[in-house]
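S.K.:
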Amino acid sequence: MTGLVALTVPSATKVLLLLELLPLTAAFSWTFQSAPTQCQNLSISISGGGTPPYSVLIIPSGSTPFTNGTEVRKIISQQFSSNSVSFQLAYPAESQLVAVVSDATGFGTGGTSAEAEVVSSSDSSCIDASKSVVPDWYLNLDPSNQLVQCTATRIWWTSSNVSGNPFFFGVIPGGDSFVIPESNVNTTSDTGTGFSWTPNVREGTTMHIVGNDNNGNGTGGSSRLTVGQNLQNDNSCLNSNSPSSTAGTPAGGSYPTDTSGDSSGGSSTSSNTNVGAIVGGVVGGVLGLLALLLIFYFIRRRTRQNRKNNEKPVDLLQSDEGDERPNGPGEPPEYYRPDPFIVPDPTYDESSASASGRPLSASERPTSRSGTPDIASSSTGTKKTGAPRVLRPVNIIQHDDAGPSEVGGKKEEEPETIELPPAYTNIRK
Ligand SMILES: *[C@@H]1O[C@H](CO)[C@@H](O)[C@H](O)[C@H]1NC(C)=O
Ligand SMILES: *[C@@H]1O[C@H](CO)[C@@H](O)[C@H](O)[C@H]1NC(C)=O
Ligand SMILES: *[C@@H]1O[C@H](CO)[C@@H](O)[C@H](O)[C@H]1NC(C)=O
Ligand SMILES: *[C@@H]1O[C@H](CO)[C@@H](O)[C@H](O)[C@H]1NC(C)=O
Ligand SMILES: *[C@@H]1O[C@H](CO)[C@@H](O)[C@H](O)[C@H]1NC(C)=O
1 MTGLVALTVP
11 SATKVLLLLE
21 LLPLTAAFSW
31 TFQSAPTQCQ
41 NLSISISGGG
51 TPPYSVLIIP
61 SGSTPFTNGT
71 EVRKIISQQF
81 SSNSVSFQLA
91 YPAESQLVAV
101 VSDATGFGTG
111 GTSAEAEVVS
121 SSDSSCIDAS
131 KSVVPDWYLN
141 LDPSNQLVQC
151 TATRIWWTSS
161 NVSGNPFFFG
171 VIPGGDSFVI
181 PESNVNTTSD
191 TGTGFSWTPN
201 VREGTTMHIV
211 GNDNNGNGTG
221 GSSRLTVGQN
231 LQNDNSCLNS
241 NSPSSTAGTP
251 AGGSYPTDTS
261 GDSSGGSSTS
271 SNTNVGAIVG
281 GVVGGVLGLL
291 ALLLIFYFIR
301 RRTRQNRKNN
311 EKPVDLLQSD
321 EGDERPNGPG
331 EPPEYYRPDP
341 FIVPDPTYDE
351 SSASASGRPL
361 SASERPTSRS
371 GTPDIASSST
381 GTKKTGAPRV
391 LRPVNIIQHD
401 DAGPSEVGGK
411 KEEEPETIEL
421 PPAYTNIRK
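UniProt numbering puts the first residue of the sequence shown at 1, with every later residue one more than the last.
1) Just verifying my parser: in three-state terms, what is the DSSP assignment at Y54?
2) Looking at the structure shown, is P421 part of a helix, part of a strand, or coil, going by DSSP?
3) Who pairs with P92 in a beta bridge, going by DSSP?
4) Count the other CB atoms within 10 Å of the CB of N41; is the residue buried (16 or more) or exposed (fewer)?
5) Whose C-beta lies closer than 6 Å to the C-beta of L57 among residues of the same chain, with five residues either side of it excluded?
6) In its own chain, which residues sit with a C-beta less than 8 Å from the C-beta of S242, not counting the 5 before and 5 after it?
7) Using DSSP with H/G/I as helix, E/B as strand and the rest coil, what is I172?
8) Can you have a look at N426 and say buried or exposed, based on whether 16 or more other CB atoms are within 10 angstroms of its CB?
9) Is the stretch 138 to 154 touching the stretch 119 to 128 in the sense that three or more CB pairs, one from each, lie closer than 8 Å?
10) Near ligand 3, which residues have their beta-carbon closer than 5 Å to a heavy atom?
11) Could you check which residue in S132, P173, I155 has the C-alpha nearest to that of N68?
12) Give the secondary structure of S47 by DSSP, where H, G and I count as helix, E and B as strand, and everything else as coil.
13) In terms of residues, what are the limits of the beta strand (DSSP E) holding residue 445?
14) Y54 and S86: beta carbons closer than 8 Å?
15) Only counting the same chain, and skipping five residues up and downstream in sequence, which positions put a Cβ closer than 7 Å to that of T193?
16) Check whether the Cβ of Q96 sits closer than 7 Å to any heavy atom of ligand 1, and report yes or no.
17) Would you kindly check if the distance between the Cβ of I172 and the Cβ of T205 is under 8 Å?
18) How many Å lie between F178 and G170 at the Cα?
19) P256: which of P36, F28, T31, T105 sits nearest, CA to CA?
20) Could you give the distance in angstroms between the alpha-carbon of G49 and the alpha-carbon of T249?
21) Closer than 6 Å from C-beta to any heavy atom of ligand 1: which residues, in chain order?
22) Hey, how far is the Cα of I44 from the Cα of F32?
23) Examine chain B for any beta-carbon lying closer than 8 Å to the beta-carbon of E115, and answer yes or no.
24) With a Cβ-Cβ cutoff of 8 Å, do S34 and G62 count as a contact?
25) Indicate, with yes or no, if ligand 2 has a heavy atom lying under 7 Å from the CB of S82.
26) Per DSSP, which residues does S122 bridge with? Please list them.
27) Mark I418 as exposed unless 16 or more other C-beta atoms lie within 10 angstroms of its C-beta, in which case mark it buried.
28) Do R154 and S113 have their beta-carbon atoms positioned less than 8 Å apart in this structure?
29) How many Å lie between L97 and S236 at the Cα?
30) Would you mind working out which of G175, D176, F168 sits nearest S183, comparing C-alpha positions?
31) In the DSSP assignment, find the unbroken beta strand (DSSP E) run with G111 in it and report its ends.
32) Identify the continuous beta strand (DSSP E) that holds L231 and give its terminal residues.
33) Sorry if obvious, but does the Cβ on S196 come closer than 7 Å to a heavy atom of ligand 5?
34) Would the beta-carbon of V118 fall within 8 Å of that of A90?
35) Let's see if you can read the secondary structure: which residues bound the beta strand (DSSP E) around P256?
36) Under a three-way DSSP split, which group does L147 fall into?
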């Protein structure tokens with residue numbers, strides 16, 4: 001018989017690969033006929049070639065749903081020989097259970113379900129929360145309530161109320177279930193009767209230990225533990241046959257695994273998991289985009305604020321930066337900036353100029369700015385070349401803007417008008 005095993009690839013997209021593998025340990029499979037429901041019959045059916053009689057073990061998992069801590073769930077153990085069984089599930093809604101199905105060849109041969117969620121119903125007649133249920137006897141661990149990978153733990157009990165030799169099951173939800181090997185049972189004064197077990201289970205695995213005796217399975221109660229880390233990193237007890245929470249599809253078909261009604265277990269599980277992953281991915285993507293937009297917004301706001309802070313009223317007469325700036329559309333040409341312009345002395349003439357020791361050459365004479373056409377020299381030509389050029393005093397008025405400076409964007413769009421009076425450089429006195 002071949003089995004379908006879904007391997008979950010741990011990636012963002014959670015691709016599920018369906019592989020057909022060679023014979024698995026489970027010679028048969030089983031399914032919940034309906035979702036486990038409070039006080040309703042739970043039906044389980046067998047398919048494939050198992051060896052009757054079969055048995056099913058239902059273990060409470062997780063904490064009780066009652067806030068006052070009352071535990072009403074009893075371990076259920078049922079034997080049956082046909083291909084299905086039905087029994088009342090006296091578990092309250094919003095509690096979890098794990099089911100293990102076995103046939104005559106050994107414990108857990110049919111596989112172990114994941115932690116299934118009990119669905120609510122209008123029937124609560126089977127629940128009596130007035131007091132907690134207690135097992136016939138208690139299984140204990142030493143060190144107490146602790147399992148560590150590859151480290152010996154003593155499983156012990158008090159002999160009174162135990163019928164015959166107790167035996168223990170290890171149940172890993174959605175994984176392997178097995179009988180805990182028992183050897184060298186002895187009795188000590190402080191830890192009763194018991195034996196030492198070295199869990200060959202990888203650290204981080206959640207598992208249940210179930211106590212059984214001749215009166216039935218689960219008479220010693222159950223304990224849910226997470227296998228702890230071996231501080232010496234000893235994994236010498238582990239090998240490929242070690243019990244594990246296998247990567248395969250948990251047994252039991254499709255059933256709810258949490259309060260929101262998400263399914264787990266069977267083939268429909270995978271699609272649900274995928275939907276969850278896709279929804280998660282989409283939500284994550286949207287959140288990421290929002291975060292990006294927020295970051296972008298704040299960066300823009302900051303730069304805008306910085307720009308605002310750097311803005312000063314335009315004052316061409318004082319600003320030093322003005323020299324560094326290229327001539328923008330709104331700025332006066334270089335020549336209109338006051339600094340380089342030297343207003344000639346109105347009394348200027350050749351004699352004062354010759355104080356430097358020689359007559360000025362034409363190129364050395366003060367002239368109008370090079371960009372302004374020299375109307376006198378060009379229009380009247382040679383006639384006046386002989387005469388010394390006397391410049392009329394010029395006042396340049398740079399009109400400063402009143403009021404606050406314009407906003408950055410607006411300033412660039414609207415051309416600024418600069419009014420300057422004529423230079424009159426070529427009109428003689
Ligand atoms: C529930 O299961 C019990 C035991 O198998 C059976 O007697 C009873 O008729 C079932 N009830 C329903 C509603 O199926
Ligand atoms: C207890 O479990 C064992 C192993 O699966 C099984 O053979 C036996 O029938 C069960 N006993 C009861 C009373 O269910
Ligand atoms: C615990 O709470 C449940 C309901 O929340 C109540 O019915 C029950 O009586 C309580 N049990 C005890 C022991 O107080
Ligand atoms: C043994 O069982 C009886 C009745 O079920 C109970 O009163 C008693 O406390 C139990 N003894 C131990 C040691 O658990
Ligand atoms: C009981 O067995 C454990 C190991 O299983 C051993 O360490 C301990 O010494 C034994 N105690 C007695 C009293 O034999």
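We put the CB at the ideal spot given by N, CA and C, even for glycine.
M.R.: Walking through what the data contain:
1) For the purposes of this step, residue 54 is taken as residue 54 along the sequence shown, with counting starting at 1. Here Y54 carries a strand assignment [DSSP, helix/strand/coil].
2) Here residue 421 refers to the residue found at position 421 when the sequence shown is read from its first residue. It is coil, neither helix nor strand.
3) On the sequence shown, residue 92 is found 92 positions in, with the first residue counted as 1. For P92, which the question treats as bridged, DSSP gives no partner whatsoever.
4) The sequence position of residue 41 within the sequence shown is 41, counting from 1. Exposed: under 16 other Cβ atoms inside 10 Å.
5) As a position in the sequence shown, residue 57 is number 57, starting the count at 1. Cβ neighbours of L57 beyond the five flanking positions: S77, V100, N217.
6) If you number the sequence shown from 1, residue 242 lands on position 242. Contacts found: N200, V201, R202.
7) Looking up residue 172 in the sequence shown gives position 172. I172 falls in the coil class under three-state DSSP.
8) For the purposes of this step, residue 426 is taken as residue 426 along the sequence shown, with counting starting at 1. Buried, since its Cβ has 16 or more Cβ neighbours within 10 Å.
9) Using a Cβ-Cβ distance cut-off of 8 Å, the stretch 119 to 128 and the stretch 138 to 154 are not in contact, since fewer than three pairs of beta carbons, one from each stretch, lie closer than that value.
10) Counting only residues whose CB is nearer than 5 Å to a non-hydrogen atom of ligand 3, the list in chain order is F66, N68, T70, A129, S130.
11) Sequence index remark: in the sequence shown, residue 68 carries index 68 (1-based). Comparing alpha-carbon positions, the option among S132, P173, I155 lying closest to N68 turns out to be S132.
12) Residue numbering aside, residue 47 sits at position 47 when the sequence shown is read from its first letter. In this structure, S47 counts as strand in the three-state DSSP scheme.
13) Because residue 445 is not part of the residues shown, which for the chain are 1 to 429, the question remains open.
14) Within the sequence shown, numbered from 1, the residue matching residue 54 stands at position 54. Within the sequence shown, numbered from 1, the residue matching residue 86 stands at position 86. Contact: no.
15) Walking along the sequence shown from the start, residue 193 turns up at place 193. If we look at T193 and ignore the five residues flanking it on each side, its Cβ neighbours are W156, W157, S159, V185, T187.
16) By one-based count along the sequence shown, residue 96 stands at place 96. Answer for Q96: no, Cβ out of range of ligand 1.
17) Position 205 of the sequence shown, counting from 1, holds the residue named residue 205. Position 172 of the sequence shown, counting from 1, holds the residue named residue 172. Against a cut-off of 8 Å, the Cβ pair of I172 and T205 comes out as a contact.
18) Here residue 178 refers to the residue found at position 178 when the sequence shown is read from its first residue. Here residue 170 refers to the residue found at position 170 when the sequence shown is read from its first residue. Distance between the alpha carbons of F178 and G170: 5 Å.
19) For the purposes of this step, residue 256 is taken as the residue at position 256 of the sequence shown. Nearest option by C-alpha distance: P36.
20) Reading the sequence shown from its first residue, position 49 is the one you call residue 49. Reading the sequence shown from its first residue, position 249 is the one you call residue 249. Cα to Cα, the separation comes out at about 19 Å.
21) Per the Cβ criterion, the list is N41, S86, F87, Q88.
22) The sequence position of residue 44 within the sequence shown is 44, counting from 1. The sequence position of residue 32 within the sequence shown is 32, counting from 1. Computed Cα separation, rounded: 5 Å.
23) Chain labels in this structure do not include chain B; a single protein chain is all it has.
24) What you label residue 34 is simply residue 34 of the sequence shown in a count that begins at 1. What you label residue 62 is simply residue 62 of the sequence shown in a count that begins at 1. For S34 and G62, no; Cβs fall outside 8 Å.
25) Counting from 1 along the sequence shown, the entry for residue 82 is found at position 82. Short note on S82: C-beta not closer than 7 Å to any heavy atom of ligand 2.
26) Looking up residue 122 in the sequence shown gives position 122. Looking at the DSSP output, S122 sits in no beta bridge, so it has no partner there.
27) Within the sequence shown, residue 418 is the residue found at index 418, counting from 1. With fewer than 16 Cβ atoms within 10 Å of its Cβ, I418 is classed as exposed.
28) Here the question's residue 113 lines up with position 113 in the sequence shown. Here the question's residue 154 lines up with position 154 in the sequence shown. Their beta carbons are not under 8 Å apart, which means S113 does not touch R154 by this criterion.
29) In the sequence shown, residue 97 corresponds to position 97, counting from 1. In the sequence shown, residue 236 corresponds to position 236, counting from 1. So the two alpha carbons sit approximately 32 Å from each other.
30) Locating residue 183 in the sequence shown gives position 183, counting from the first residue. Selected option, being the one with the closest Cα: F168.
31) What you label residue 111 is simply residue 111 of the sequence shown in a count that begins at 1. 106 to 112 is the span of the beta strand (DSSP E), which, as asked, contains G111.
32) Residue numbering aside, residue 231 sits at position 231 when the sequence shown is read from its first letter. Segment: none, L231 is in no beta strand (DSSP E) and carries neither H nor E.
33) Reading the sequence shown from its first residue, position 196 is the one you call residue 196. Answer for S196: yes, Cβ within range of ligand 5.
34) Walking along the sequence shown from the start, residue 118 turns up at place 118. Walking along the sequence shown from the start, residue 90 turns up at place 90. Not a contact, by the Cβ cut-off of 8 Å.
35) Indexing the sequence shown from 1 puts residue 256 at position 256. Residues 254 to 256.
36) As a working mapping, residue 147 is identified with position 147 in the sequence shown. L147 falls in the coil class under three-state DSSP.
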